[in-house]
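Report on the structure given below.
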Amino acid sequence: MDEKQKKVKKLSKEYERLTAENIFLKERHERLTAENIRLLQELEALKDEIKELEENSC
0 MDEKQKKVKK LSKEYERLTA ENIFLKERHE RLTAENIRLL QELEALKDEI KELEENSC
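Take 0 as the starting number for the sequence shown in numbering that gives the first Met the number 0 and just add one per residue.
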């Protein structure tokens, strides 16, 4: 195998690795975004509950 073929093979492997890593990171981003939305909704519900409790305690 000449140098050009070796370089192409090496770069192809690196491309495949980076593509797989990119897919993994995109999926992780989607999971974290969903988790963040869920936590924000939970936080909002807790804030509403606190406000209601404060209003009822007066």
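C-beta: ideal position from N, C-alpha, C; glycine also.
How many angstroms separate the CA atom of residue 34 from the CA atom of residue 22? Going by the C-alpha atoms only, they are around 18 Å apart.
If you draw a straight line from the alpha carbon of residue 8 to that of residue 19, how long is it in whole angstroms? Taking the CA atoms as reference points, residue 8 sits about 17 Å from residue 19.
By the three-class DSSP mapping on this structure, what secondary structure does residue 1 have? coil
Do you know how far the Cα of residue 2 is from the Cα of residue 32? 44 Å
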